[in-house]
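Residue numbers (our numbering), protein chains in the order written: chain A, 333 to 949; chain B, 79 to 285. Backbone N, C-alpha and C fix where the C-beta goes; we use that ideal spot for every residue, glycine too. As the structure is a prediction and not an experimental result, all values here were calculated from the model. The block underneath contains the structure these notes are about, expressed in C-alpha cells.
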Amino acid sequence: MAQATATQQGAQYRRSVIWEWLTTVDHKKIGILYMFTSLFFFLIGGLLALLIRTQLAVPNNTVLGPSTYNEVFTMHGTIMIFLVVMPLNSAFFNFLIPLQIGARDVAFPRLNAFSYWAFLFGALLILSSFLFGAAPNAGWFGYANLTTLPYSPGLNVDFWIFGLQVMGVASIASALNFFVTIINMRAPGMRLMRMPVFTWMTLVTSVLLLLAFPSLTVGLVELMFDRYFGTLFFEPTAGASVVLWQHLFWIFGHPEVYILILPPFGMISEILPTFSRKPLFGYPFVVYSGVSIGFLSFGVWAHHMFAVGLGPVPNSVFATTTMLIAIPTGVKIFNWLGTLWGGSIVINTPLLFAAGFIGMFTIGGISGVMHASVPVDYWQTDSYFVVAHFHYVLFGGSIMAIFGGMYYWFPKFFGRMLDDKMGQIHFWITLIAFNMTFFPMHFLGIDGMPRRIYTYQAGMGWDFWNFEETIGAFILGASVLFFAYNIIKSLRSGEIAPADPWDARTLEWSIPSPPPVYNFAVVPTVTSRDAYWEQKYGSAEPTDAEKENLNPSPTTVRGIHLPPPSYYPLVAAGGLVAMAAGMVMHGGGLAISWFVVAAGVLVLTFGLFGWSFEPNH
Amino acid sequence: MSGLSQAQQIAHHSDEAHATSTGISHNKIMMWAFLASDCMFFGSFIMTFMVYRGKAAGGPRPQDIWDIPYTSVSAAVLLLSSLAIVLALTYLQRGNERAFRIWLVATAALGLMFLGGQFYEFTTFYHDGLTLHSSLFGSTFFVLTGFHGTHVAIGVIWLLSLAWLSKKGKIPPSRSEMPEIAALYWHFVDIVWIIIFAVVYLIPYKS
Numbered sequence: 333m334a335q336a337t338a339t340q341q342g343a344q345y346r347r348s349v350i351w352e353w354l355t356t357v358d359h360k361k362i363g364i365l366y367m368f369t370s371l372f373f374f375l376i377g378g379l380l381a382l383l384i385r386t387q388l389a390v391p392n393n394t395v396l397g398p399s400t401y402n403e404v405f406t407m408h409g410t411i412m413i414f415l416v417v418m419p420l421n422s423a424f425f426n427f428l429i430p431l432q433i434g435a436r437d438v439a440f441p442r443l444n445a446f447s448y449w450a451f452l453f454g455a456l457l458i459l460s461s462f463l464f465g466a467a468p469n470a471g472w473f474g475y476a477n478l479t480t481l482p483y484s485p486g487l488n489v490d491f492w493i494f495g496l497q498v499m500g501v502a503s504i505a506s507a508l509n510f511f512v513t514i515i516n517m518r519a520p521g522m523r524l525m526r527m528p529v530f531t532w533m534t535l536v537t538s539v540l541l542l543l544a545f546p547s548l549t550v551g552l553v554e555l556m557f558d559r560y561f562g563t564l565f566f567e568p569t570a571g572a573s574v575v576l577w578q579h580l581f582w583i584f585g586h587p588e589v590y591i592l593i594l595p596p597f598g599m600i601s602e603i604l605p606t607f608s609r610k611p612l613f614g615y616p617f618v619v620y621s622g623v624s625i626g627f628l629s630f631g632v633w634a635h636h637m638f639a640v641g642l643g644p645v646p647n648s649v650f651a652t653t654t655m656l657i658a659i660p661t662g663v664k665i666f667n668w669l670g671t672l673w674g675g676s677i678v679i680n681t682p683l684l685f686a687a688g689f690i691g692m693f694t695i696g697g698i699s700g701v702m703h704a705s706v707p708v709d710y711w712q713t714d715s716y717f718v719v720a721h722f723h724y725v726l727f728g729g730s731i732m733a734i735f736g737g738m739y740y741w742f743p744k745f746f747g748r749m750l751d752d753k754m755g756q757i758h759f760w761i762t763l764i765a766f767n768m769t770f771f772p773m774h775f776l777g778i779d780g781m782p783r784r785i786y787t788y789q790a791g792m793g794w795d796f797w798n799f800e801e802t803i804g805a806f807i808l809g810a811s812v813l814f815f816a817y818n819i820i821k822s823l824r825s826g827e828i829a830p831a832d833p834w835d836a837r838t839l840e841w842s843i844p845s846p847p848p849v850y851n852f853a854v855v856p857t858v859t860s861r862d863a864y865w866e867q868k869y870g871s872a873e874p875t876d877a878e879k880e881n882l883n884p885s886p887t888t889v890r891g892i893h894l895p896p897p898s899y900y901p902l903v904a905a906g907g908l909v910a911m912a913a914g915m916v917m918h919g920g921g922l923a924i925s926w927f928v929v930a931a932g933v934l935v936l937t938f939g940l941f942g943w944s945f946e947p948n949h
Numbered sequence: 079m080s081g082l083s084q085a086q087q088i089a090h091h092s093d094e095a096h097a098t099s100t101g102i103s104h105n106k107i108m109m110w111a112f113l114a115s116d117c118m119f120f121g122s123f124i125m126t127f128m129v130y131r132g133k134a135a136g137g138p139r140p141q142d143i144w145d146i147p148y149t150s151v152s153a154a155v156l157l158l159s160s161l162a163i164v165l166a167l168t169y170l171q172r173g174n175e176r177a178f179r180i181w182l183v184a185t186a187a188l189g190l191m192f193l194g195g196q197f198y199e200f201t202t203f204y205h206d207g208l209t210l211h212s213s214l215f216g217s218t219f220f221v222l223t224g225f226h227g228t229h230v231a232i233g234v235i236w237l238l239s240l241a242w243l244s245k246k247g248k249i250p251p252s253r254s255e256m257p258e259i260a261a262l263y264w265h266f267v268d269i270v271w272i273i274i275f276a277v278v279y280l281i282p283y284k285s
C-alpha cells in the first residue's frame, strides 16, 4: 500500500515537473529550454553537414543523389541559422538580460513563453518535412521562381514557408519583449551607457529583428499566395520580376546575419574584460559601432545580388556601403585587442574561445570585405570562397563566441562549472578541425569550385582539399560530441559554482548560482558601468542590495510577487502551428486541411482571449 | 511599514510602483515598437505594388475600374473613425464612461462601414474581371488592401471587446491607457490607408 502511494506521489511529482516546464513564464527556465532545444538541433544540423562532406569527399560520389543533396544543404543552412544560432542567442537573451539590468523578469513573461513554444513548434513543423520525404530543397534563401509551383510542385517549399513564418512570429514576439525590457526595466541608475555590452547588442539585435523580419514575411506571403491562390508575384510571363524576391529576401537576409553576430559580439565584450582583469577598452566606441552596424546593415543588401545585373550604379553604391560597414566592425576588433593589451590574462576556456573568435572572425571579415569589391565578387560569388567566408563568420564567429559564452555563463545558469581542462581540449580540437575544414574552401573557390553542387569530376584539382575537409569535418563533429559529454558530466557532478567564480564585472554575478526565482532580493541601484565591479571594489559603502542579494533574509523576499505560470502561451502557439500545418496539408491536397486551419484559428483565438483575461498579478 | 528594514521597504516598493525606466508603460512602448515593425510590413507590400505598378495586361486597367469619388467617401469614413476614437478617449479621461462606449462603438461602426464599402468595391472589381490572378495589378491590389482590411477587422474586434469590458465596469478613467493603446493602433491603420489611397488610387497611371 505504501509503495503504491509512493508511486502515485512519484507520478504526480513527475507530472507536475513537466507541467511546471510547460507553463513556466520564468525567463531563466525559458532560457534553458531554448538552450537545450538549440543544442539538439545543432546535432541534427551537424549531421547534415557530415552527410554533405561525406558526399563531397571524393569525386563522382554516390552517397547522396542530387535531389537529396539539395534537401540536405538547404536544411543544413536553414537549421543552423533559424534553429541553432538564433535560438542559442535567444537562450542567452532570456537568461541574462533581466539579470544584467537588475530586473526580476522580462516585460512580458507570457509572451516570452509563447516565443519559445512557437519557435519549437515551427522548428518541429519544418523538421517533420523529412518524415514526408519533402524537406525544403531550394536553398535556405528560396529564390523565386524556382520556388514557384511549376518548378517546385512538391511540399518541400511549403514546409519551408510555413515553418519560417511560425518561427518568424516567435522572433518578432521575442524582439518586442526584449526591446521593451531593456528600454523600460533597468534598475535605478542604470543609464543606457552603463549597460553591459551584451545588453546593448541585444537591444540593437531586437530592433533589427523588428524591422528586418517583415520583409521576409512579405516575401513568404507573396510566394505562398502564388503557390496557393494563383497570384502572379513571381510569374515572369505576367511581367513579374524574380529579382523582387531577391530584394525582399536580402533586405531581411543581410540584417539577419548581423542578428546572428551582434549578440556574440556582446558575449565577447563581456568575457574579454573579465579575463583581462580590466575594463572593456573604449566602451562607447564598442556601443556606437554596434548601433551603426545595425543602422548600416539595412543599406548593404544588394551585395548579395552583384551578379544579378542591377547595373553599375546600384552595384557601386552597395559596394561602397558594404565597405563602410566594415569600419565599425573593425573598430570593435581593435577595442577587443585593446582590452587584452596590458591585461593580466587568465587563460581558461572562455578566454580561449574569445581569442579564437577574434582570429577566426577577422579572417571571415577579410574575405567578406573582398566580396565587397564588385569585380572580385564576380569571381567569388556562388563559389566555395563564399562558403568559406560565411563559415568563418558564423562558425568561427558566432558559434565559437557562443561556446565561450556557454563556458562562461554555465556556472550561473546551472550552479556548476564546466570542466575547464576538457574545455581547453575542446577549444584546441575545434580550432584546428574548424580551420582544416573551412580554410581550404578559400582555395577551392578561387580554383573555380561552385557552391551547391552534389558532386564534381575528378581531375579538376579539387580532390585533395575536398577529402581533407571531410576529415576536418568529422573531427569537428567528434569535438561537438566531446563538448556534449562535458555538459552532461558537469551537470551531474561538476564542481559546485559560487555566485562569482570569475571575479566578474556585471550584475548577474552578484546573485547566487543558479539565481533564485526572483533574481534580486533587493533591486540594486547602479552608479557606474561594470556595476558589480563597482559594488565589490568601489569606494562607496555597501548598499542593502549588496548585503541582501547573495544571502537574502526570508522577510526581505516575502513581499516579492512574481507572475504566475500560464498555459495560454502554449495553447496559442499550438493554435498558430496548427494553422500553418493545415496550410501545408492543403498544399498536399488533403481534404481535412481546412478543418485543421479552422481548428488552429479557434485554438489561437481561445488562447489569445484566455491570455488577455486571465489575472496576471 | 516602519518595522521593515530599508531593504524590505525597497523590495515592497519596487513591486508596488512598477516603475519604468522611461515613465511610459510597457504596453505602450510595445505598441510603438510593433507599429514600427508593421510599417516595414506594409512598406514591403507597398514596395511590391510600386515595382509592379500599372502591369495590368490581361485584365482591367486601374483607370477603367476606379470610382475615385466612392473610394474617397470610404477613406473619409475611416478618417472620421479616427476622430471618433479621439472623442471616445477624451470622454473616458473626463470620466464619462457612457460616452466613451458610444464613441468606441461609433469608431467600430465606421470601421465596419469602411470594410463593407471595400467588400462592395472589391465585388464590383471582381465582376469587372479583376482577380488575384488576372494580372499583377490584381495580385498586388487585392493582397495589399486585403492585409490592410484584415488589420482594420482586428481593430474592430479589439474596439468592440473594449466596449464590452467597459460595460462590465472594467475600464474606469484610471485605466484609460488600454484604450489609448488601441487608439494608437487604430490611427496607424488609418495612416496606412492614407498612403495606400494615395499610392494606389490617386497617383495617375500611364495610359
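- The alpha-carbon separation between A/L540 and A/A502 amounts to approximately 14 Å.
- A/S811 and A/S624 have their C-alpha atoms roughly 36 Å apart.
- Secondary structure remark: continuous alpha helix (DSSP H) runs of at least 4 residues inside the segment 652-706 of chain A, in chain order: 681-703.
- Under a criterion of Cβ atoms nearer than 8 Å, the residues of chain B adjacent to A/S547 are, in order, M118 and S122.
- Pairing A/A381 with A/A816 gives a Cβ-Cβ distance that is not under 8 Å.
- The beta carbon of B/V164 does not come within 8 Å of any beta carbon belonging to chain A, so the residue lies off that interface.
- In the same chain as A/V889, and ignoring 5 residues on each side of it, the C-beta atoms closer than 8 Å to its own belong to P848, Y850 and A853, in chain order.
- For B/V129, the uninterrupted alpha helix (DSSP H) segment begins and ends at H104 to V129.
- The DSSP-derived three-state label of A/S422 is helix.
- Along the segment 185-212 of chain B, the positions whose C-beta sits under 8 Å from a C-beta of chain A are L210 and H211, read in chain order.
- Taken through DSSP and simplified to helix, strand or coil, B/R176 comes out as helix.
- With a 10 Å radius around the Cβ and a threshold of 16 neighbouring Cβ atoms, A/V678 comes out exposed.
- Closer than 8 Å to the CB of B/M108 there is at least one CB belonging to chain A.
- Contact with chain A is found for B/L214, since one of that chain's Cβ atoms lies less than 8 Å from the residue's Cβ.
- Assigned with DSSP and collapsed to three states, A/S601 falls in helix.
- For B/K284, no CB of chain A lies under 8 Å from its own CB, so it is not counted at the interface with that chain.
- Under the three-pair Cβ rule at 8 Å, the segment 399-409 of chain A counts as touching the segment 456-474 of chain A.
- A/P848 sits in coil when the DSSP states are folded into three classes, being neither helix nor strand.
- Judged by DSSP in its simplified three-state form, A/P568 adopts helix.
- Under the 8 Å criterion on CB atoms, A/S842 is classed as non-interfacial with respect to chain B.
- Under a 10 Å Cβ-count criterion, B/A276 is classified as exposed, with fewer than 16 other Cβ atoms of the shown protein chains found around its own Cβ.
- Judged by DSSP secondary structure, A/L922 falls outside any alpha helix (DSSP H); it is assigned neither H nor E.
- Around the beta carbon of B/H226, a 10 Å sphere encloses 16 or more other beta carbons of the protein chains shown; the residue is thus reported as buried.
- In terms of Cβ geometry, B/V129 and A/L576 form a close pair [threshold 8 Å].
- With three or more CB-CB distances shorter than 8 Å, the segment 833-848 of chain A counts as touching the segment 428-438 of chain A.
- For A/M517, the chain B residues whose C-beta falls within less than 9 Å of its own C-beta are T98, S99 and H104, listed in chain order.
- The alpha carbon of B/F192 has as its nearest neighbour, out of B/V267, B/G136 and B/P138, the alpha carbon of B/V267.
- Judged by DSSP secondary structure, B/V155 falls within the alpha helix (DSSP H) whose first and last residues are I146 to Q171.
- Sequence-distant partners of A/D558 (beyond 5 residues in either direction) whose C-beta falls short of 6 Å from its own C-beta, in its chain, are T480, F565 and F566.
- In this structure A/Q387 is buried. Its beta-carbon is surrounded by 16 or more other beta-carbon atoms within 10 angstroms.
- Look at A/R523 here: in three-state DSSP terms it is coil, with no helix or strand label.
- Taking all protein chains shown into account, A/N477 has 16 or more neighbouring C-beta atoms within 10 Å of its C-beta and is therefore buried.
- The beta carbons of A/A466 and A/L496 sit about 15 Å from each other, so the pair does not count as a contact at 8 Å.
- Listed along chain A, the residues sitting closer than 9 Å to B/A135 by beta-carbon distance are A570 and G571.
- Annotation: Cβ neighbours of B/S115 in chain A (cutoff 7 Å, chain order): I504, L542, L543 and P546.
- Judged by DSSP secondary structure, B/E258 falls within the alpha helix (DSSP H) whose first and last residues are E255 to I274.
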